[in-house]
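Everything on this sheet refers to the single structure shown next.
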Amino acid sequence: MKPLNADLHCHSTVSDGLLPPAEVVQRAQANGVELLALTDHDEMGGVAEARAAADALNLRFLDGVEISISWGDDQTVHIVALGVDPGNVALTQGLAQVRSGRDARAGRMAAELDKVGIHNAYEGALKFVSNPALISRAHFARYIVECGHAKDTKTVFEHWLAKGKPGYVEHSWATLEDALGWIVDAGGTAVIAHPARYRLTSTERRALYGAFKDLGGLGIEVLSGSQNEEDVRDLARVAREFGFLASRGSDFHGPGESWIDLGKLPDLPPDLTPVWSRFI
Ligand code: AMP
Ligand code: MN
Ligand code: MN
Ligand code: MN
Numbered sequence: 459m460k461p462l463n464a465d466l467h468c469h470s471t472v473s474d475g476l477l478p479p480a481e482v483v484q485r486a487q488a489n490g491v492e493l494l495a496l497t498d499h500d501e502m503g504g505v506a507e508a509r510a511a512a513d514a515l516n517l518r519f520l521d522g523v524e525i526s527i528s529w530g531d532d533q534t535v536h537i538v539a540l541g542v543d544p545g546n547v548a549l550t551q552g553l554a555q556v557r558s559g560r561d562a563r564a565g566r567m568a569a570e571l572d573k574v575g576i577h578n579a580y581e582g583a584l585k586f587v588s589n590p591a592l593i594s595r596a597h598f599a600r601y602i603v604e605c606g607h608a609k610d611t612k613t614v615f616e617h618w619l620a621k622g623k624p625g626y627v628e629h630s631w632a633t634l635e636d637a638l639g640w641i642v643d644a645g646g647t648a649v650i651a652h653p654a655r656y657r658l659t660s661t662e663r664r665a666l667y668g669a670f671k672d673l674g675g676l677g678i679e680v681l682s683g684s685q686n687e688e689d690v691r692d693l694a695r696v697a698r699e700f701g702f703l704a705s706r707g708s709d710f711h712g713p714g715e716s717w718i719d720l721g722k723l724p725d726l727p728p729d730l731t732p733v734w735s736r737f738i
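Using my numbering, the letters of the sequence shown map in sequence onto residues 459 to 738.
So this is what it looks like as structure tokens:
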């Protein structure tokens, strides 16, 4: 049987994507996606519009969100929540709390960027923001490209915004315990987003997987736009060893600004249990 074309990780203008929720859905369907989750950062303001658009196209849809958490020594980890109740009070209050730190963090980033000659970055980044509660490094990256300092946003991250670079500032997001608590309370399925992107030692990595599992975490993104074939092999082994369900998500942010387009990832290794077995 042909595997389902599921894409369970993408962004809209409600966070740092380039397309409004309904356009993300339309593009997904045009690309052959059969099950979609919209997973904006720390914010579920787009899921009602996306679900309405998906219903109109007869596309199966999951309400989702990508929650920023802090793990260990100033390591940011992203947890994707799938099939959550968007009206759940613990989740909505938790997400509001995570979002509330973003504006002050953006001010601190702008102050650091100013010292290295990138001026007015807070105001500049805001020009690219649709939802003022959700200013992200991606918005700063677009402003820095617009200023002519770099040819694309990936280059901006390499020079200014990645951990250890001049515009990076430390920040406390949610704890893993809190995020898993909200997701479980909201009836959702928790998935570790793009595990290969975290700079962790193998001991730290195993500690993360173990703690996540102990708190009710069920899945990992074996396939993500930002992971290569070797990552996929490693993560398939992790899924087998820890008994995780396997997820597949492009992490699409917009045309021309993404690793891969919606619905274009390869199939999961066939022996893994897809996370969408819980939903279809
Ligand atoms: P924030 O949540 O504000 O820390 O921003 C994180 C976002 O920045 C990610 O979700 C991506 O949209 C973007 N991002 C992070 N690293 C990179 C990178 N190396 N290249 C392009 N975009 C990136
Ligand atoms: Mn993003
Ligand atoms: Mn992420
Ligand atoms: Mn993402």
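From the three backbone atoms N, C-alpha and C, an ideal C-beta is built for every residue, glycine too.
Quick caveat, the model's predicted, so the values are computed rather than measured.
With at least 16 other beta carbons inside 10 angstroms of its own, S705 counts as buried. Counted as a single uninterrupted DSSP element, the alpha helix (DSSP H) harbouring E635 occupies residues 634-643. Bounds of the alpha helix (DSSP H) holding F700 are 687-700. A direct Cα-Cα distance of roughly 28 Å separates E679 from F586. Judged by DSSP in its simplified three-state form, G582 adopts helix. Only residues of its own chain outside the window of five on either side were considered, and among them D465, H467, C468, S682, G683, S716, W717, I718, D719, L720, G721, K722, L723 have a CB closer than 8 Å to the CB of S708, listed in chain order. Secondary structure at W717: coil, using DSSP grouped into helix, strand and coil.
Beta-bridge analysis with DSSP links A464 to L493. In this structure, the beta-carbon distance from H629 to R557 does not fall below 7 Å.
Here DSSP, grouped into helix, strand and coil, assigns E679 to strand. Set against 6 Å, the gap from the CB of H536 to the closest heavy atom of ligand 3 is smaller. Under a 10 Å Cβ-count criterion, E635 is classified as exposed, with fewer than 16 other Cβ atoms of the shown protein chains found around its own Cβ.
Q551 is classed as exposed because its beta carbon has fewer than 16 other beta carbons within 10 Å across all chains shown. When the beta-carbon positions are compared, T731 and L703 come within less than 7 Å of each other. R566 is positioned such that its CB atom lies closer than 7 Å to that of V627. Between ligand 4 and D500, a heavy atom-to-CB distance of less than 6 Å is absent. The beta-carbon separation of G622 and G475, rounded to 26 Å, does not stay under the 8 Å limit for a contact. Secondary structure at F710: strand, using DSSP grouped into helix, strand and coil. In this structure H536 is buried. Its beta-carbon is surrounded by 16 or more other beta-carbon atoms within 10 angstroms.
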